[in-house]
RNA sequence: GCCCGGGUGGCGGAAUGGCAGACGCAGGGGACUUAAAAUCCCCAGGCCCUAACGGGCCGUGCAGGUUCGAGUCCUGCCCCGGGCACCA
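Residue numbers (the numbering used here): 6 to 835.
In structure tokens, the structure reads:
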């Protein structure tokens, strides 16, 4: 008897699929489309089961949707620019391009070995000029619309390497290559994309994603955009006529409690404020400016400030307040300055306690129990204004309204909405990325490269040392050029783009991947978009998805697409762990994908990946459990192999079955099969609980086993029907085995055109149900009753049940709860 | 620090507010075998009562609450994981 040999079966069917071009997507407006996409993978070189989970989920969905008759687009490509290639070059001297392409080959080999149903004709790689020229093209379009601009901003600077470091290259405040060198902050001129031009829309359109995206991702996006309503208020500067400091506050009602004004260490007014100040003050300020750029570091760093020696004037009451500069005030948020109200803001409270600034209560709690000297933390709730001049005794809400109105009338304030969202800093002082298509000309300034000169090619054979400014700056044949405007000698921009640029629009390119006239043909994109199902890690819940949404809106305003949002449904899968932590090369806990395929076959590896946990949860990889799944597939193969010979010539019962003439065993088999089909379909299509649907298939197989010998009381057409349903239900999970089983059962032509089986309510119907009898919510008995029995009858039988009766007899029945076919609960008193 | 998520047997997990632990792994017992592997069948949350059949009580991170009924809903807490704008 032939054995299940996954390796040969898998090779056999992959060859057939290749020859048939089985997964090639053809743009065809006459057919309903389904675009399913897994997030663009970074080809990192160590290919483990953590990566494969994402593709396995996507492939199950793609295959299921094809079986439902959809025209499925399921593409793949490579996020092939980025820091690791450059780090490898610095550390091992490999050329980024060679290193990257070798990794891509390996990843591609694994994807093919796993039989993922990608349309390989649409493969893209973002480091190829055919792709990144369109990054440049989009960048120029944004520049034309005022959405790309330059400004100074902070980077991590290693004074030893004389180079800019990524956050990842900063190890506990030091440089990754020599950790004893502290990293400094340095301000340089960089390119930004104006994501904030779409703040309101990015926030409002989240409503369109409701229901299709995980609620937690939408929440994170909302928080990230961080819309807050408040007021901008000007403080005069004592002794500097005409100068003013504008602060943003959501709690203008606490302004009488302000005991200082604090500006960011980089605040432009500081130059004026500190003119003639002591050297010590300037030195302290410079130290503050050196602090880390990272929000997490800022938030946990001890609050530090410097008194400027100057005073601001609160224009509500003329009070003079010291002006400080402090590390917890951010230049990029609001106006870069705050009023410091220690009694009612926790950060201000901590700052004032440290520097002995006064605390003054101006909002009382309902008990009126707040006393400044006794406070252990700020009181940040709303309450009743006190010590606030004419605004005393108002509720916080009323005070805010009245004070804004008065500030507007007196000309020193206004209502203001601000966002936490920042513009997207896109410059990288690195080699392995898309060159920014601009030229610096001594006479014309910053000049865009004309479209017909795109792409600006990234030069190859560049020596990477990890030292000095942007690597491209040391490639004369790249840097030296002529100004497109005046023709004089000019210098190319040597920064490259953030790789998030690549991944913000790549899914549009899949629709029309070989277009050399435009990023894509809008008509083709409008057929395939929006993406019906996007699948990826929760790690991308904010940045990648926010940038992609921004890009979509820019494209829409450029007239390239007609939709507002690129992704209709989003699914975030969990991480694959080994030994409690995410698989990674550096931790040495990877389970290599190719090894799994060789050991148990890709079908078993895929099945286990889906069976082990619901897809959104993290899963711990267990070698033993993989074997369990492999065992199940062997069991299924043996079961069908045993019967296939006798069934090959039979015709499956399908809709032609006469239920009245069916034997009890036939009915039982069909009932179980159709009950399974109903729940498997629901778990696969609606709930995305692949694990429980696989459990159901295991139950079905167990039940078929228990019904052996099958032939005794069941006709071949019924057995064949049930086996075919089993093969088809397995197909999204174990496509190779399903093809083989389908063929074993005597079907020619493969599964390519075969539809998902049709569910029959009649065949699935149970004749009897077990009903639980509860008394006061506790299980006291159970009974078998015919399906669909009425409530009265159910209650009557429950009360008469010998086990339940003693708990009811002699007591007053207060309430009866009946769940038909399931449960009766008798509530008794006393 | 801020934002988001998660805690159910020995383990992975199952359960539209309705029998907690389906299915699988590991474990125990049996069949087959000269033997082992493979395969097939059975048992299996904890504690207690019973010779046994059976039966009782407890149990979903902790403490409360809503409900006839809570793993599921609400409030507070504890622990663990992810993100925080130059890793992708």
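Beta carbons: idealized from backbone N, C-alpha and C, even for Gly.
Residue nearest to residue 603 in terms of C-alpha spacing, selected from 12, 8, 7: Nearest option by C-alpha distance: 12.
Buried or exposed by the 16-neighbour rule on C-beta atoms within 10 Å, applied to residue 593: Classification for residue 593: exposed.
For residue 183, three-class secondary structure by DSSP: In this structure, residue 183 counts as coil in the three-state DSSP scheme.
Buried or exposed (CB count within 10 angstroms, at least 16 for buried), residue 55: With a threshold of 16 other beta carbon atoms within 10 Å, residue 55 meets it and is buried.
Whole-Å CB distance - residue 675 paired with residue 727, under 8 Å assumed: Contact between residue 675 and residue 727 holds, with the beta-carbon distance rounding to 7 Å and staying under 8 Å.
Cβ separation of residue 836 and residue 305, assumed to be a contact under 8 Å, to the nearest whole Å: Because the chain in this structure spans residues 6 to 835, residue 836 falls outside the shown range and cannot be described.
Contacting residues, own chain, Cβ-Cβ under 6 Å from residue 765 (five flanking each side not counted): The answer, listed in chain order, is 679.
Backbone secondary structure at residue 446 - three-state DSSP: Strand, per DSSP.
Residue 234 - DSSP class collapsed to helix/strand/coil: Residue 234: strand per DSSP, three-state reduction.
Alpha carbon of residue 656 to alpha carbon of residue 9, nearest angstrom: Cα to Cα, residue 656 sits roughly 25 Å from residue 9.
CA-to-CA distance, residue 196 to residue 221, given in whole angstroms: The straight-line gap from Cα to Cα measures roughly 31 Å.
Span of the alpha helix (DSSP H) around residue 696: The continuous alpha helix (DSSP H) containing residue 696 extends over residues 695 to 711.
Spatially closest choice to residue 215 from 573, 617, 833, by CA coordinates: Cα-wise, what sits closest to residue 215 is 573.
For residue 588 and residue 53, believed in contact at Cβ under 8 Å, the rounded distance: Right, their Cβ atoms sit about 5 Å apart.
Residues near residue 76 by beta carbon distance below 8 Å, same chain, minus five either side: Once the five neighbours on either side are set aside, the close Cβ partners of residue 76 are 30, 31, 33, 36, 37, 38, 39.
Simplified DSSP state of residue 679, which is helix, strand or coil: Residue 679: helix per DSSP, three-state reduction.
Environment of residue 731 [buried if 16+ CB atoms lie within 10 Å]: The residue in question, residue 731, is buried, as its Cβ has 16 or more Cβ neighbours within 10 Å.
Residue environment, residue 348, which counts as buried when at least 16 other CB atoms sit within 10 Å: The C-beta of residue 348 has 16 or more other C-beta atoms within 10 Å across all chains shown, which makes the residue buried.
Given residue 555 as reference, the closest of 708, 428, 258 once Cα atoms are compared: Per the Cα distances, 428.
C-alpha gap between residue 617 and residue 296, whole angstroms: C-alpha separation (whole angstroms): 45 Å.
First through last residue of the alpha helix (DSSP H) which encompasses residue 633: First-last of the alpha helix (DSSP H) with residue 633: 628 to 652.
Option nearest residue 533 by Cα separation, candidates 357, 41, 286: Closest in alpha carbon position to residue 533, among 357, 41, 286, is 41.
Identity of the residues DSSP links to residue 587 by a beta bridge: DSSP output for residue 587 lists 582 as bridge partner(s).
Local conformation of residue 833 per DSSP, three classes: Looking at residue 833 - three-state DSSP - the assignment turns out to be strand.
Sub-8 Å separation of residue 535 and residue 571 beta-carbons: In this structure, the beta-carbon distance from residue 535 to residue 571 falls below 8 Å.
Residue 527 - DSSP class collapsed to helix/strand/coil: Helix.
The alpha helix (DSSP H) enclosing residue 691, as first and last residue numbers: Per DSSP, residue 691 lies in no alpha helix (DSSP H) and is assigned neither H nor E.
Cβ shell of residue 547 (< 6 Å), same chain only, five flanking positions each side left out: Only 225, 229 meet the Cβ criterion.
Validate contact between the region 429 to 438 and the region 184 to 199 using beta carbons, cut 8 Å, 3 pairs: Taking a cut-off of 8 Å for Cβ pairs, the region 429 to 438 and the region 184 to 199 touch, as three or more such pairs fall below it.
Local conformation of residue 495 per DSSP, three classes: In the structure shown, residue 495 sits in a strand (DSSP, three-state: E or B).
Close Cβ partners of residue 191 (< 6 Å) along its chain, the five nearest in sequence each way excluded: Counting only Cβ-Cβ distances below 6 Å, and skipping sequence neighbours, we find 160, 162.
Residue 452 and residue 407 closer than 8 Å at C-beta: Residue 452 places its beta carbon 8 Å or farther from that of residue 407.
Sufficient close CB pairs (3 or more, under 8 Å) joining the region 122 to 132 to the region 82 to 93: In the pairwise beta carbon analysis, the region 122 to 132 is classified as touching the region 82 to 93: at least three pairs are separated by under 8 Å.
Separation of residue 706 from residue 641, as counted between CA atoms: Answer to the nearest angstrom: the Cα atoms are 7 Å apart.
Nearest residue (CA-CA) to residue 2, options 695, 439, 239, 271: Not covered by the structure: residue 2. The range shown for the chain is 6 to 835.
When 590, 576, 638 are compared against residue 605, the one with the closest alpha-carbon: Checking every option, the nearest Cα to that of residue 605 belongs to 638.
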